[in-house]
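Asks: Numbering (the working numbering), first residue to last: 167 to 1297. Before we start, here is the structure in question, set down as structure tokens.
Right, dumping it as structure tokens:
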């Protein structure tokens, strides 16, 4: 131990030395930190350590409080305090001294101060406010060390509310001449994107500039941001595919400096990052995937299996190959790679092989058949991790034919498992496959009984809830549902007649509910018998209060006539005086409903499960009560966000980049709530007596009609499941060695031993149904056998999910992607000749570590402005097919424009955009602005010589409410004719960009049915309308709204009145309403269709426009802020 201590002390001289002289390289053996470390290592008990640390902390506190302590001595004290905190002892008295040390002293002392702050504080600590000015000063310093320290602390500690204060300075560092500053700035922006993505959306073009930085470290840092953004919106970055492929080619080719190599592997973590990005961009996209094939083949070839890091690269390569559009040669090599992994005797490689096989089996079920005997052997592997991953693989290949065998294997593992995590995971998987693929009702009940018994109280609550929902809703109705409930009743009665004390609590709750609901269906089973069995559960010592509550509720449902009169009377009297309020309430319900049969039949109807359940998520039944309470003077409801903000303002300093200077004196009133920037009249807002009836719905009175759009969204929206079918690609068997081939031949010629025969039988049972016609429902695919469980969705969506759409961006050929991003045209709207010319010229650039960029990347501001439209389009188009036409685009648009409705021609409308085409039928669309809605016009053109019959157009969206406004639905399109469909669009859930998906189906002349999918993308700015308000109404609404965001925007330059000019730009481009401009402040109001108001307060501060947006809709302020940033950037 002493050798380790000495080596540790020698390794810390640069930071911990008391002398900053070159000669004092080693830590002095008499330093206080060295004495502390040696003293701790010599102790023999924890008690002695605590005593020593307390003495040390007392000494540190006394010396730190002394006014004679120098910065150099304070540095030593902070290092000792850090060591004490690392051992788990609190040194909170040092926090303020650490902040002071970061504010003063030399570079080394500030470094120790920043280090101590990063270890002592968290992003919610109140003392972090004292560090803001220090960080701002250091970000503007000419000392590179101070700038690096400030950027590091920003990316580690700064919360969402502090981002606006430092964001402009961090943006400036993206163009710093030193690469370490640029890299740290990119990482800081990555942290900002993770915690507040809407605050950095306006600088996406600068992310692209960082991607083509000449320094590999800056480029690598930018990949973190792109990976996150592509996960959220892969369609918006398809045009960067060639750039990422070019970077990966150069990395694999070893063109980066040797410093990036790890065990002779060039930049392995960078390769992994790029492979993940490519898998997201090429998913089910043939044109984009074609660019990747060459570099993926090269990555597989160069990644020799000689080190752990190459295994990770091969694993990501395999995942990428099976995610993108399939290519047979690559699939063959990936399958061989998986086979080598699985057949390896090393446990780690075998685990990687199983992991990869589990991932790819959804695309190629036959691959599991090639390794079925190895998988069977892994089921009996002594390593639990291998066994668990094998069960995960079996879960992925489960279907209606092999469900019984796979479930039995899972239950067998559960009976011997002692790990809680594995138990919870497997119980959920068994319950899922049992509900989906149960061969019969009896097997389902028996399996779920075993699941409840083995899972116990560790299982997730949704498992019993889903099972009860299945029993309640049944299948498609009829005798099957009745038999399922009778089997459940018979099974649970027999369990209660046995030893119910051994059953878990959640299982007892399920039994109680089923018997209370359906025991009356069993002929010959008296209610008194069931009541007696349930009463035994109340006497069990291990029965929890929750279980007893379920039992009492079941008894209440069974208290009919004279059934169990004495038992029920005694139970109700016993629990009427219980200390548990829930049990006392249940006992009172039991007593009163038993005495009043008519009331019981009304409250607990026997056939209630047959009626659809209606949920009033808006709580409209409380409207009258709330209105009366508000009229009587009750305070309006404040959301948790609003209450937290009031407390925060009372306790902590404000981080606003400006202060609210109210033009009206506050001596006339006292406001305890959050202040409005305009200081409105309180009586006008709280009374709700607005003179304008159109504004009644947006006063401060509590209105519940909008609650439905916010509450319960995650719980009630139906989950979309992908309906894509994987491409069926035959994958040959992996290459075997000569020894393996000989072994296989000998096995075919000689009889198999009994153990091998048993494995063969098990394999035939496990892997049945994995032929070419079988797909895997667990991975989001459909199966030949219809699903037996009928789930009742609350919202109806399109019956067929819209498949992944293709991008209209220009796809760069594989032989033209050798240059990095700065030399690749990113704008999909560029002229093809200009694009080709730029590609030719870009190949002449000088070589850099990242590719053939020019000397400094030379991406000018004009280039950035040109690149931006391809990043985020105002009306993006993602279509399943491209519209083929022989006439010029301008002529076709002119012809289609003549078919627009008269009211749309007169209104402001977008350009007509092609959606999709199938044979001779083509769909185009545009949107027209109206005061009360946005009209989507779909133009259906038939260029054939025959009529199109039984036309059906369906639209759906999660974010937009779509309703048809066409008087007569279009069902036929005559030859060489154009039909028009109109739809009214309003926003249900605000988002920066909203998408409407749809499909069109029609009958061909030969009678075949054709179906084509399409989607149409709209910016939120198309739904924004001005909201005319007075200053009093504005102030009342400002106090009532609880969701807000703050940011600094760019002012319009070179004008006499920048504030007015900026607001006029926003008013013209986004249809906002400027309520008032007073000096250097302005207030603006708007609404998103329909009735989703948003208010904005602006103030000129430090050459920027500081804005504060508020709305009752959670995401609306961030979305509107994004469009304000875009509108001002386009000037």
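For every residue, glycine included, the Cβ atom is placed at its ideal position computed from N, Cα and C.
From this set, 522, 551 and 472, which residue's C-alpha is nearest residue 537's C-alpha?
Replies: Sequence index remark: in the chain shown, residue 537 carries index 371 (1-based). Ranking 522, 551 and 472 by CA distance to the CA of residue 537 puts 522 first.
Asks: Using DSSP's beta-bridge definition, name the partner residues of residue 1192.
Replies: Along the chain shown, read from residue 1 onward, the residue named residue 1192 stands at position 1026. Answer by DSSP bridge pairing, in chain order: 1252.
Asks: Can you tell me the Cα-Cα spacing of residue 482 and residue 392, whole angstroms?
Replies: Mapped onto the chain shown, residue 482 falls at position 316. Mapped onto the chain shown, residue 392 falls at position 226. In a straight line, the C-alpha of residue 482 is about 17 angstroms away from that of residue 392.
Asks: So, helix, strand or coil for residue 463, using DSSP?
Replies: Sequence index remark: in the chain shown, residue 463 carries index 297 (1-based). Assigned with DSSP and collapsed to three states, residue 463 falls in helix.
Asks: Taking only three categories from DSSP, how would you classify residue 758?
Replies: As a first step, residue 758 is located in the chain shown; it is residue number 592 there, counting from the start. Residue 758: helix per DSSP, three-state reduction.
Asks: By how many angstroms is the C-alpha of residue 422 removed from the C-alpha of residue 1013?
Replies: Here residue 1013 corresponds to residue number 847 of the chain shown, with the count starting at 1. Here residue 422 corresponds to residue number 256 of the chain shown, with the count starting at 1. For residue 1013, the predicted model reports a pLDDT of 39, less than 50, meaning its position is unreliable; a value from the coordinates is still stated below. Taking the straight line joining both Cα atoms gives about 11 angstroms.
Asks: For residue 691, collect the residues of the same chain with a Cβ closer than 8 angstroms to its Cβ; drop the 5 residues on either side in sequence, then sort them by chain order.
Replies: Numbered from 1 along the chain shown, position 525 holds the residue referred to as residue 691. So the qualifying residues of the chain are 655, 659 and 685.
Asks: Rounding to the nearest angstrom, what Cα-Cα distance links residue 732 and residue 606 in this structure?
Replies: Within the chain shown, the letter at position 566 stands for residue 732. Within the chain shown, the letter at position 440 stands for residue 606. Distance between the alpha carbons of residue 732 and residue 606 is about 40 angstroms.
Asks: What are the partner residues of residue 1164, as DSSP defines its beta bridges?
Replies: Taking the first residue of the chain shown as 1, we reach residue 1164 at position 998. Residue 1164 pairs with 1121 and 1180.
Asks: Helix or strand or just coil, what does DSSP make of residue 1088?
Replies: Counted from its first residue, the chain shown places residue 1088 at position 922. Reduced to three states, the DSSP call for residue 1088 is strand.
Asks: Can you find at least 3 beta carbon pairs, one from the region 1219–1235 and one from the region 1160–1176, that sit closer than 8 angstroms?
Replies: no
Asks: Just tell me which of 461, 506 and 1278 has its CA closest to the CA of residue 803.
Replies: Stepping through the chain shown from its first residue, residue 803 is reached at position 637. Selected option, being the one with the closest Cα: 1278.
Asks: Distance check for residue 365 and residue 1290, CA to CA, integer angstroms please.
Replies: Against the chain shown, residue 1290 aligns to sequence position 1124. Against the chain shown, residue 365 aligns to sequence position 199. Each residue's alpha carbon lies about 12 angstroms from the other.
Asks: Are the region 470–477 and the region 423–441 touching, with three or more C-beta to C-beta distances below 8 angstroms?
Replies: As far as the Cβ criterion goes, the region 470–477 touches the region 423–441, which means the pair count is three or higher.
Asks: Just to confirm before moving on: does the CB-CB distance between residue 267 and residue 275 stay below 8 angstroms?
Replies: For this step, residue 267 is matched to residue 101 along the chain shown. For this step, residue 275 is matched to residue 109 along the chain shown. Cβ distance < 8 angstroms, so residue 267 and residue 275 count as in contact.
Asks: Going by the beta-carbon positions, is the gap between residue 110 and residue 1136 smaller than 8 angstroms?
Replies: Given that the chain is displayed from residue 167 to residue 1297, the structure contains no residue 110 and the question cannot be resolved.
Asks: Looking at residue 749 and residue 721, is the spacing between their C-beta atoms short of 8 angstroms?
Replies: One-based indexing of the chain shown puts residue 721 at position 555. One-based indexing of the chain shown puts residue 749 at position 583. No; because the gap between Cβ atoms is not below 8 angstroms, this pair is not in contact.
Asks: Using 8 angstroms as the cut-off, can you tell me whether the region 307–321 makes contact with the region 1188–1206, which would need three or more C-beta pairs spanning the two stretches below that distance?
Replies: no
Asks: What are the boundary residues of the beta strand (DSSP E) that includes residue 1272?
Replies: Position 1106 of the chain shown holds residue 1272. First-last of the beta strand (DSSP E) with residue 1272: 1270–1277.
Asks: Looking only at its chain, what residues have a beta carbon closer than 7 angstroms to the beta carbon of residue 898, apart from the 5 residues adjacent to it on each side?
Replies: On the chain shown, position 732 is the one that residue 898 refers to. Confidence at residue 898 is low in this model, with a pLDDT of 36, below 50, so the placement of that residue should be treated as unreliable; the coordinate-derived value is given next. The answer, listed in chain order, is 498.
Asks: Between which two residues does the beta strand (DSSP E) containing residue 1153 stretch?
Replies: Position 987 of the chain shown, counted from the start, is the residue given in the question as residue 1153. Its beta strand (DSSP E) spans residues 1143–1153.
Asks: Hey, could you find the ends of the beta strand (DSSP E) residue 493 is sitting in?
Replies: Here residue 493 is taken as the residue at index 327 of the chain shown, counted from 1. First-last for residue 493: undefined, no H or E at that position.
Asks: Between the region 499–519 and the region 460–467, do three or more beta carbon pairs fall short of 8 angstroms?
Replies: yes
Asks: Please name the residue, chosen from 1269, 406, 240 and 700, that lies closest to residue 271 on a Cα-to-Cα basis.
Replies: Locating residue 271 in the chain shown gives position 105, counting from the first residue. The shortest Cα separation from residue 271 among 1269, 406, 240 and 700 belongs to 240.
Asks: Can you tell me where the beta strand (DSSP E) with residue 1267 in it begins and where it stops?
Replies: As a position in the chain shown, residue 1267 is number 1101, starting the count at 1. Counting along the chain, the beta strand (DSSP E) containing residue 1267 begins and ends at 1258–1267.
Asks: Please go through the same chain and pick out, in chain order, the residues whose beta-carbon is closer than 6 angstroms to the beta-carbon of residue 621, but skip the five residues on each side of it.
Replies: As a first step, residue 621 must be located in the chain shown, where it is residue number 455. Here the set comprises 593.
Asks: Starting from residue 1209, follow the beta strand (DSSP E) in both directions and report where the run begins and ends.
Replies: One-based indexing of the chain shown puts residue 1209 at position 1043. Segment 1209–1216, the beta strand (DSSP E) holding residue 1209.
Asks: Can you say whether residue 1141 is buried or exposed, counting buried as having 16 or more other CB atoms within 10 angstroms of its CB?
Replies: Taking the chain shown and counting its residues from 1, the one referred to as residue 1141 is at position 975. The residue is exposed, with fewer than 16 neighbouring Cβ atoms inside 10 Å.
Asks: For residue 702, which residues in the same chain have their Cβ closer than 6 angstroms to its Cβ, ignoring the five residues on either side in sequence?
Replies: The residue labelled residue 702 in the question sits at position 536 within the chain shown. The answer is none, since no qualifying residue turns up.
Asks: What does the alpha-carbon distance come out to for the pair residue 1217 and residue 1269?
Replies: What you label residue 1217 is simply residue 1051 of the chain shown in a count that begins at 1. What you label residue 1269 is simply residue 1103 of the chain shown in a count that begins at 1. In a straight line, the C-alpha of residue 1217 is about 7 angstroms away from that of residue 1269.
Asks: Leaving out five residues on either side along the sequence, give the residues of the same chain with a beta carbon under 7 angstroms from the beta carbon of residue 1213.
Replies: The sequence position of residue 1213 within the chain shown is 1047, counting from 1. When the five nearest sequence neighbours on each side are left out, the beta carbons in the same chain lying within less than 7 angstroms of the beta carbon of residue 1213 are those of 330, 365, 1273 and 1287, in order along the chain.
Asks: Of all the alpha helix (DSSP H) runs that stay within the bounds of the region 389–435, which reach a length of 4 or more residues?
Replies: 407–418
Asks: Less than 8 angstroms between the C-beta atoms of residue 285 and residue 262, yes or no?
Replies: Numbered from 1 along the chain shown, position 119 holds the residue referred to as residue 285. Numbered from 1 along the chain shown, position 96 holds the residue referred to as residue 262. The answer is no: Cβ separation not under 8 angstroms.
Asks: Secondary structure at residue 626, three-state DSSP: helix, strand or coil?
Replies: Position 460 of the chain shown, counted from the start, is the residue given in the question as residue 626. Of the three classes helix, strand and coil, the one that applies to residue 626 here is coil, per DSSP.
Asks: On the criterion of 16 or more Cβ atoms from any shown chain inside 10 Å, does residue 1199 qualify as buried, or is it exposed?
Replies: Taking the first residue of the chain shown as 1, we reach residue 1199 at position 1033. The residue in question, residue 1199, is buried, as its Cβ has 16 or more Cβ neighbours within 10 Å.
Asks: Report the rounded CA-to-CA distance for residue 1079 versus residue 405, giving the unit in angstroms.
Replies: For this step, residue 1079 is matched to residue 913 along the chain shown. For this step, residue 405 is matched to residue 239 along the chain shown. Taking the straight line from one Cα to the other gives about 19 angstroms.
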